[in-house]
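Throughout the sequence shown, residue numbering follows the working numbering, covering 6 to 221 in sequence. We treat Cβ as the ideally placed atom computed from N, Cα and C, and that holds for glycine. Computed from a prediction, not measured in an experiment: that's the story for all the values here.
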Amino acid sequence: MRIVLLGPPGAGKGTQAKSISNKYSIPHISTGDIFRKNISEKTPLGIEAKGYIDKGHLVPDSLTIDLVKDTLSQEFCKNGFLLDGFPRTVAQAEALKEFLKENGTDLDVALLIDVPQNFILERMTGRRVCTSCGASYHIKFNPPSVDGKCDVCGNDVVQRKDDTEATVKERLDVYDSQTQPLINYYDAEGLLKTVDGTKAINEVFESICNILGSDK
Ligand code: AP5
Ligand code: MG
Ligand code: ZN
Numbered sequence: 006m007r008i009v010l011l012g013p014p015g016a017g018k019g020t021q022a023k024s025i026s027n028k029y030s031i032p033h034i035s036t037g038d039i040f041r042k043n044i045s046e047k048t049p050l051g052i053e054a055k056g057y058i059d060k061g062h063l064v065p066d067s068l069t070i071d072l073v074k075d076t077l078s079q080e081f082c083k084n085g086f087l088l089d090g091f092p093r094t095v096a097q098a099e100a101l102k103e104f105l106k107e108n109g110t111d112l113d114v115a116l117l118i119d120v121p122q123n124f125i126l127e128r129m130t131g132r133r134v135c136t137s138c139g140a141s142y143h144i145k146f147n148p149p150s151v152d153g154k155c156d157v158c159g160n161d162v163v164q165r166k167d168d169t170e171a172t173v174k175e176r177l178d179v180y181d182s183q184t185q186p187l188i189n190y191y192d193a194e195g196l197l198k199t200v201d202g203t204k205a206i207n208e209v210f211e212s213i214c215n216i217l218g219s220d221k
């Protein structure tokens, strides 16, 4: 399966992507996670991306599109993938379509996790992420069993630098102007499916599985 996950910051893309990736055995590719890994390793890509991410702005299309094409060209993506946080602009969506066409494939579905803005701020400011494996928690909705420690690997969980109230507001503005248009884009392509992302984490996953079915 070739899936794109759409939704505003804090919709639960990363949370659901982990479960989808496990159940359907497809790699979870999060451009945000790849950028954060590069930032922590201080690579040239990370150094360039950091300035944009810390302000809540998008990393330029030129950098992002090349990164995703490189990733999707690798062997582990041959039989399918789950993209989380890409595409985020119509130019990225067009580039993805072109790339898949050149490789004789296409997307199966663009899955929108629909969450209105009034839910987002509480989700984002309460989020905590593992510094080592990237697992994501919420101090109220999904706390780790031991305070401040990751359930998966035991390392520290911390707040993301771009999860402060001011940066979240900026990210939501960027989403509205640059990413929201992708909903109409994928609807016109006949690929859009929507789930109600305001439900509990396991209920959202159930709705997603109903759409994706039991095939791999
Ligand atoms: P990225 O890392 O992709 O951030 P994002 O899209 O803003 O989304 P988030 O990761 O913040 O939210 P999410 O939907 O994954 O929610 P989560 O599951 O964690 O991108 C970061 C930055 O990188 C961008 O701002 C940009 O600068 C750059 N970037 C990345 N991709 C790019 C691209 N393609 N082009 C250009 N720039 C790019 O959940 C959030 C919280 O809510 C968690 O605490 C979770 O536990 C909780 N939660 C989840 N589901 C539920 C639920 N159903 N009920 C209650 N709580 C829930
Ligand atoms: Mg995420
Ligand atoms: Zn961890």
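Enclosing beta strand (DSSP E) for R206 [first to last residue]:
Here residue 206 turns out to be Ile, not Arg, going by the sequence shown. Where I206 is concerned, there is no enclosing beta strand (DSSP E), although the alpha helix (DSSP H) it sits in stretches over 206 to 217.
Excluding sequence positions up to five away, which residues of its chain have a Cβ less than 6 Å from the Cβ of G131?
H143, I144, K145
Length at least 4, wholly inside the segment 43 to 109: the alpha helix (DSSP H) runs in chain order
49 to 60, 66 to 77, 95 to 107
Can you tell me whether K106 is buried or exposed? The criterion is at least 16 other CB atoms within 10 Å of its CB, across all chains shown.
exposed
N215 to N207 span [Cα, whole Å]
12 Å
Would you say the beta carbon of T119 comes nearer than 8 Å to a heavy atom of the ligand MG?
In the sequence under discussion, the amino acid at residue 119 is Asp, which differs from the Thr named in the question. Checking the Cβ of D119 against the ligand MG gives no.
Outcome for T94 when other beta-carbon atoms lying within 10 angstroms are tallied against a minimum of 16:
buried
Classify S182 as helix, strand or coil using the three-state DSSP reduction.
helix
Put V9 into one of helix, strand or coil per three-state DSSP.
strand
Within the continuous alpha helix (DSSP H) that includes S30, where are the two ends?
Here S30 belongs to no alpha helix (DSSP H), and DSSP marks it neither H nor E.
Secondary structure at A193, three-state DSSP: helix, strand or coil?
helix
Among S219, N84, C138, which residue has its Cα nearest to the Cα of G159?
C138
What is the C-beta distance between I125 and K18, in whole angstroms, given that I count them as a contact (C-beta under 8 Å)?
Not really, about 12 Å apart at Cβ, beyond 8 Å.
Per DSSP, D201 is paired with what?
D119
Range of the contiguous beta strand (DSSP E) that encloses S141:
141 to 143
Strictly by DSSP, which residues pair up with S35?
D89
In angstroms with no decimal places, state the Cα-to-Cα distance between Y191 and P65.
21 Å
Quick one: is the Cβ of S78 within less than 8 Å of any heavy atom of the ligand ZN?
no
So, are the CB atoms of G61 and E175 less than 9 Å apart?
yes
May I ask you to list the residues that DSSP assigns as paired with K154?
D161
Hey, is L112 close to the ligand AP5, as in C-beta under 8 Å from one of its heavy atoms?
no
Check the DSSP bridge columns for V134 and list the partner residues they point to.
S141, V163
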